[in-house]
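Note that the sequence shown covers residues 27 to 1013 in the working numbering.
We put the beta carbon where it would ideally sit given N, CA and C, even for glycine.
From a predicted model like this one, the values you see are computed outputs, not experimental measurements.
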Amino acid sequence: MVKALKLKGKLRLLLTIVAGLLVTMNALAQQITITGIVKDTTGEPVIGANILEKGTTNGTITDYDGNFRLTVKQGAILVFSYIGTQPQELSAKPSMNVILKDDAQLLDDVVVIGYGSVKKSDATGSVIAVKPDDFNKGNRISAQDALVGKVAGVNVVSGSGAPGQGATIRIRSGASLSASNDPLIVIDGVPVDNSSIEGSSNLIGAINPNDIETFTVLKDASATAIYGSRASNGVIIITTKKGTSNKLQVNYTNNFSVSHIVDKLDILTASEFREFVPTVTGVPTNPEFGCTSTDWQDEIYRTAFGHEHNLSLSGKVNMQAPYRVSVGYTDQNGIIKTNNYKRYTFGGGISPTFFDNHLSVNLNAKLSFEKDNKVDSGVVGSALSYDPTRPARTYSPSWQTDPGLGYFIWMNGNSPMAIQGDNPVAQLELQDRVAKVTRSIGNATFDYKVHGFEDLRFNLNLGYDILESKYNRDVPDLAGMMYTGNMKDGTGLAERSTQKKRNTLLDFYANYTKDFGKHAVNAMAGYGWQHFWKKLDQSTNDPRGNELFSPKHYETEYYLLSFYGRFNYTYDNRYMLTATLRSDASSRFNKDNRWGLFPSVALGWRINQEAFLIDSNVVSDLKLRLSYGVTGQQDIINDYPYMTTFSVSYPESSYQFGDQWYYTYRPNGFDSDIKWETTTTWNAGIDYGFLGNRIYGSVDYYKRFTKDLLNQINVISGTNYSPVIFTNIGEMENQGLEFSVNVVPVHTKDFEWTVGLNYTWSDSKITKLNVIDSKSSFVETGSISGTGKFVQAFMVDETPYTFYLAKQAYDDAGKPIEGQYIQPDGSVSSTETRYATGKSALPTSLLGFNTRFSYRNWDLALSGHGAFGNYIYNYVRASDYKESVYSDQGSYSNILRFTRDNGFNQQRLYTDHFLEKGDYFRFDNITLGYTFNKLWNNSSKLNLNFGIQNLFTITSYSGIDPEMYSGIDKNVYQRPRIYTFGMNLTF
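Next comes the structure, spelled out in structure tokens:
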């Protein structure tokens, strides 16, 4: 019996073993071992790419050469992924060669926000990220050029056509009047100083556009409130390129450009001038003309050449420290003779990790040197008005001792005339105006992921922005302009101005991120400290070093202290909440008003994740956003507006002791109760996408209320040290609608066509301006020429920068009646009664457009932008009049052909006859390029391109160029048309 039981046990064990072997063999028969390699689009192996058997935890990563080996079930789906590339799902095969493509939508997936980043799908605020188009970029000398027409609600208007010039950037029209309306610009985590730079108008001219990876524009209060005190006018975050390639990657770009003027002012020729002048009242019976025919515009303009070169190297040190270094050189001549801009840049960054990737260090430094040979801003006006019958040069044998130094000037006997226009050629060639700016911006960030508690991170950011600018102006003795300016006796000029600025900061914050099933939480809290310091030294001597005026000096500083926090909550990837709170202290206010509190809250609903849409083949993205927030403003010219300070008076106010002139000092007005200006913003938005995001974009409506405006107003004489002070008086409302759409009409293997369009409508109104408001109380603005001449006003119930002019009377034929104006009661008289025209320099609509065609290796791209609803005061015409052809001193001046045919006999500056619509649409760039791939290996490629910038402009405006933020057309350095040929080599 016992033996039988043992036999049965052995038999059972044998059967169990056999069954197990059969199961194992069957399982093995259903598995395969895969070997393969993963590469990027350049053919380089991808190190550390993830390969995962879908639906399991079975996976591996690629080795140093991009190879992998993995055993999976028969018929398994493998998921290949790597940071910055599009994930791919492929059926398992014994041998696989996988190419991971760059994620073209990565910019839409992750956007940079204040003190961190967030998935675009999780963003609850109005946040737009823009990657500069490496192809259709035109001749971008300055960083802000890449933003022109690209973002709804953002208006970028360059100051002039001179190379290297700055631009006026307005996000949602700005929220202030007398305080700064510039957005806060943050470069790699360093908020830069928005105050002016001596001798330069470009606040971010030091940044090489080729080093910029992305612009992120924060528009509504939910997005900007984390920056609190400096975010009322929006925030632009500039992120520069970093090293990502596993192996050394070299990129070299250059372009060569040719620039010329688009149009000239239509003035009288020499023969027309000789014929017309004798017909004008007040001109002598036998006027004395010169013997030449000079086109002064031809004398000052030229065909300008330029070139730019940029070289960058990127890679990784020991495969754990990505780095990138770059150098750049720009040399661009302006279309006005003697104007030249040079820039040298260096950028470097390295991002090592330590302690098993728990500590990340990011070191960045940007160095630049700019040299700008500037031209006199009045030379364009001089070329318009100078007598066309006179020569540029006298060719006198005694020119070295003659007044004017051989350049024609108006003489009264042997003495230069006391009042005369300047010879435009002499303005260019007899003075040397050079601005040099040396700047360094950098920071070091330390991000520590706590060991054993990796959901918590600590971040320390130490940054700086150091700048030194030198502006020199040299004019020799006897130069014609020294008889109309400076000492007005021919004494030359040696003006020296040096400005130093230093901005240092410290930010320390903690970030906690955790997912709890369907719940996702992200919390951040931090502390910030920033110090701004600047100093100016200015002297005015003659060429021999003798002091003409006592030197000017000032040194000033202010501090910002901040505590801030943000909380993000997401439920089931559908419902989102963001709340921020920031408290700022500014040393610009007294201790009782120093601190400001700036909260915001935002809600988001991803409707496309709901059950009724999640399987839709049409709707690929649909998110509703609603936000509310408060931001602050303290960015005014004076760092000490609450206390008594003194300023150096103008040269005209100098006092003479013996042979020496001394500047006087005057007390400035102050308001001890001055405090924060605050802006409250409501924003409702929708992000949408259809047909797999072949059509996508956003719609936003916002309304802003600004109170306690930091405003410069007049006060009753004797109540303060000055009749004008900065104080908190005024309120303003602003609302707008923004719409953007991007479409991919065609997408095939060989051909792709993309179209982008953005539109903005905005409306601003001043609702309070003074303690007691009336139609007669307003703030003057829009200076034209001389002291006290203005054509715009800030008034209650009007848009900022509304034109304030007299209403012109016309005859039955529609011709203006000179010196006659329509009065408020409808009568007509010679009284120049001025009124608020209801027409502003601010556009009510903006439009941006871009399209691109790509066929195999060919690319064709076109972009443009426009503004509508704005008006322009044509001061070029308004300042011109028939009787100006002759002065009592005995000199002659040219006029416009328009003035000869339709102008007034005398100057009529304040008539609305010269107020014109400023609507325009400009075709900015068209570029054609061809790319040669795999020149000598898989990673080498060359792109050659040809482009035209400032192609043409559609407008009804009668002047040279309708694009000007001030709305006042004076001596404009026009934007040139530029032809560029460029190349981009990568290997």
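Beta bridge counterpart(s) of residue i as assigned by DSSP
| i | result |
| --- | --- |
| LEU488 | ALA470, LEU532 |
| ILE333 | Going by the sequence as given, residue 333 is His instead of Ile. Partner(s): PHE282, ASP357. |
| VAL99 | Checking the sequence shown, residue 99 turns out to be Lys, not Val. DSSP, once it has assigned bridges, lists GLN57 as partnering LYS99. |
| GLN114 | PHE106 |
| LEU970 | TYR956, MET1009 |
| HIS557 | THR530, TYR585 |
| ILE792 | MET758 |
| GLN660 | The partner list for GLN660 (beta bridge, DSSP) is empty, contrary to what the question assumes. |
| ILE712 | LEU650, VAL725 |
| SER604 | The displayed chain sequence assigns Thr, not Ser, to residue 604. Answer by DSSP bridge pairing, in chain order: ASN594, ALA628. |
| ASN643 | None, per the DSSP bridge assignment. |
| ARG224 | Here the sequence assigns Glu to residue 224, which means Arg is not the residue at that position. Per DSSP, none; premise fails for GLU224. |
Top-ranked residue by Cα proximity to residue i, from the options
| i | options | result |
| --- | --- | --- |
| TYR601 | TRP555, ILE264, LYS649 | LYS649 |
| VAL183 | VAL284, ALA546, THR194 | THR194 |
| ASN84 | TYR897, VAL98, PHE472 | VAL98 |
| GLN686 | ASN572, LYS701, TRP702 | ASN572 |
| ILE798 | ILE739, LYS514, ARG256, THR707 | ILE739 |
| ILE230 | TYR688, LEU652, ILE492 | ILE492 |
| VAL261 | ASN207, SER227, SER642, THR295 | ASN207 |
| ALA178 | THR530, ASN537, GLY762 | GLY762 |
| SER612 | LEU431, GLN932, SER199, ASN664 | ASN664 |
| TYR108 | PRO71, TYR253, VAL781 | PRO71 |
| ASP428 | ASN900, PRO442, ASP324 | PRO442 |
| ASP906 | PHE106, LEU294, TRP787 | LEU294 |
| PRO450 | TRP322, ASN619, TYR597, LYS540 | TRP322 |
| LEU410 | ALA251, SER910, THR870 | SER910 |
Alpha-carbon to alpha-carbon, residue j and residue i
| i | j | result |
| --- | --- | --- |
| ARG592 | THR705 | 19 Å |
| GLU239 | PHE372 | 16 Å |
| PRO502 | GLY511 | 13 Å |
| LYS145 | ALA546 | 13 Å |
| GLY374 | ASN485 | 21 Å |
| PHE1013 | LYS729 | 49 Å |
| MET507 | ALA452 | 8 Å |
| ASP214 | ASN469 | 8 Å |
| ARG570 | THR517 | 10 Å |
| ASP402 | GLY225 | 12 Å |
| TYR918 | MET437 | 12 Å |
| TRP621 | PHE894 | 40 Å |
| GLN131 | THR530 | Annotation note: pLDDT 47 at GLN131 (below 50); position unreliable, coordinate value reported separately. The straight-line gap from Cα to Cα measures roughly 35 Å. |
| GLY341 | SER186 | 39 Å |
| SER408 | VAL770 | 50 Å |
| PRO749 | VAL309 | 43 Å |
| LEU603 | GLY74 | 35 Å |
| GLY81 | GLN635 | 21 Å |
| GLY845 | GLU858 | 8 Å |
| GLU806 | ILE197 | 24 Å |
| VAL674 | ARG256 | 29 Å |
| ALA201 | THR786 | 16 Å |
| TYR727 | LEU244 | 15 Å |
| ARG923 | THR415 | 16 Å |
Cβ-based burial, residue i [other Cβ within 10 Å; buried from 16]
| i | result |
| --- | --- |
| ARG369 | buried |
| THR828 | buried |
| GLN556 | buried |
| ALA45 | Here ALA45 scores only 45 on pLDDT, less than 50, and its place in the model is too uncertain to base an answer on. |
| LYS273 | exposed |
| ASP885 | buried |
| ASP413 | buried |
| LYS701 | buried |
| ASN359 | buried |
| PRO113 | exposed |
| HIS477 | exposed |
| HIS286 | exposed |
Every unbroken beta strand (DSSP E) inside the region 163–212 [3 residues or more]: Runs of beta strand (DSSP E) with 3 or more residues, each lying fully within the region 163–212, are found at 180–184, 193–197, listed in chain order.
Start-end ranges of the beta strand (DSSP E) lying completely within the region 865–911, minimum 3 residues: Here the runs fully enclosed are 871–881, 884–894, 897–899.
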